[in-house]
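Peer 1: Mapping to full-length UniProt numbering: the sequence shown position 138 is 138, numbers consecutive.
Right, I'll just put the structure down here and ask away after.
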Amino acid sequence: MDFFEALTRKRACRDFTDEPVSEEHVDRLLYAASWAPIASNRPYRHCILVDDPNVIQAIRQISPSLQPESPLLLVIYSDLELAHASVGKVGDRCTAVDAGASGENVLLAAAALGLGAQFTMISAMSGIRTILGLPSSCRVDLIIPIGHAERMLPPVSAEKPNRAQKVYRNQYGVE
Ligand SMILES: Cc1cc2nc3c(=O)[nH]c(=O)nc-3n(C[C@H](O)[C@H](O)[C@H](O)COP(=O)(O)O)c2cc1C
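Here you go:
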């Protein structure tokens, strides 16, 4: 699948079948996650794969807004201690940008592999950190449910993307 087709097929998926995600696909998703930029190039962004139904259930229990019941969660987290040591206070923002870049790669890879996925950010991120046994210096940034789509939204129109964004040229307000 070509990049621009993957862009239009990358829709938030909220209904999954029980079919597990193959190890081969998991490898491709992790590969995509890793090929996203990191400020300072220090390794402070990492992933945890959650495919144990008990752990998924524990996460769902503290996260009512985690709607999809997927066979796999890909959790992206940042080691804030290392980020601050690498780039200082701006590391707070860098880590969020880095996690988003990595997550978008995962969504695009999932679309290219014919899998469904979506971003999830929930208020109980620190509770999830506890469930996953992450040290307190780490922050859970994104939870990405992934699986085979039971029901997938149709691709967005390639000609007319439904994205609200303003584009100015050279100066704010100038089109
Ligand atoms: C930072 C971020 C957080 C999101 N959190 C959630 C979420 O908690 N639950 C959810 O169903 N969708 C979540 N989404 C998915 C968006 O709602 C979705 O991308 C949007 O509805 C557009 O749909 P589309 O991606 O299919 O075009 C999130 C997206 C982003 C970028």
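Where is the CB? At the ideal position from N, CA and C, for every residue including glycine.
Does the Cβ of Phe3 have 16 or more other Cβ atoms within 10 Å, making it buried, or fewer, making it exposed?
Peer 2: Counting Cβ neighbours within 10 Å, Phe3 comes out exposed, since fewer than 16 surround it.
Peer 1: Could you check whether the Cβ of Leu115 sits closer than 7 Å to any heavy atom belonging to ligand 1?
Peer 2: Not under cutoff, so the answer is no.
Peer 1: Check this for me: beta carbons of Ile146 and Ala112, under 8 Å apart or not?
Peer 2: Their beta carbons are not under 8 Å apart, which means Ile146 does not touch Ala112 by this criterion.
Peer 1: With hydrogens ignored, establish whether the beta-carbon of Leu82 is closer than 7 Å to any heavy atom of ligand 1.
Peer 2: No - ligand 1 has no heavy atom lying nearer than 7 Å to the Cβ of Leu82.
Peer 1: Near Val97, what residues of its chain come up, given a Cβ to Cβ distance below 6 Å and the 5 sequence neighbours on each side ignored?
Peer 2: Hits under 6 Å: none found.
Peer 1: Any heavy atom of ligand 1 within a distance shorter than 7 Å of the CB on Arg139?
Peer 2: No - ligand 1 has no heavy atom lying nearer than 7 Å to the Cβ of Arg139.
Peer 1: Just reading off the alpha helix (DSSP H) that Ala32 is part of, what are its end residues?
Peer 2: It spans 23-34 - the alpha helix (DSSP H) in which Ala32 sits, taken as one unbroken run.
Peer 1: Going by alpha carbons, who is nearest to Asp92 out of Ser102, Asp79, Ala101, Gly103?
Peer 2: Taking only the C-alpha atoms, the option nearest Asp92 is Asp79.
Peer 1: Might you give, ordered along the chain, the residues of its own chain that have their beta carbon closer than 8 Å to the beta carbon of Leu72, omitting 5 neighbours on each side?
Peer 2: Counting only Cβ-Cβ distances below 8 Å, and skipping sequence neighbours, we find Pro20, Val21, Val26, Leu49, Val50, Asp51, Pro145, Ile146, Gly147.
Peer 1: Could I get the ranges of all uninterrupted alpha helix (DSSP H) runs contained in the UniProt domain "Nitroreductase" (69-148), with 4 residues as the minimum, in chain order?
Peer 2: If we require 4 residues or more, the alpha helix (DSSP H) runs fully inside the UniProt domain "Nitroreductase" (69-148) come out as 80-87, 91-112, 125-132.
Peer 1: Restricting to Cα atoms, I'd like to know which of Ile59, Glu150, Tyr168, Gly173 is closest to Phe16.
Peer 2: The shortest Cα separation from Phe16 among Ile59, Glu150, Tyr168, Gly173 belongs to Glu150.
Peer 1: Mapping the DSSP letters down to three states, classify Ala12 as helix, strand or coil.
Peer 2: Reduced to three states, the DSSP call for Ala12 is strand.
Peer 1: Is there at least one non-hydrogen atom of ligand 1 closer than 7 Å to the beta-carbon of Val156?
Peer 2: Yes, ligand 1 has a heavy atom inside 7 Å of this Cβ.
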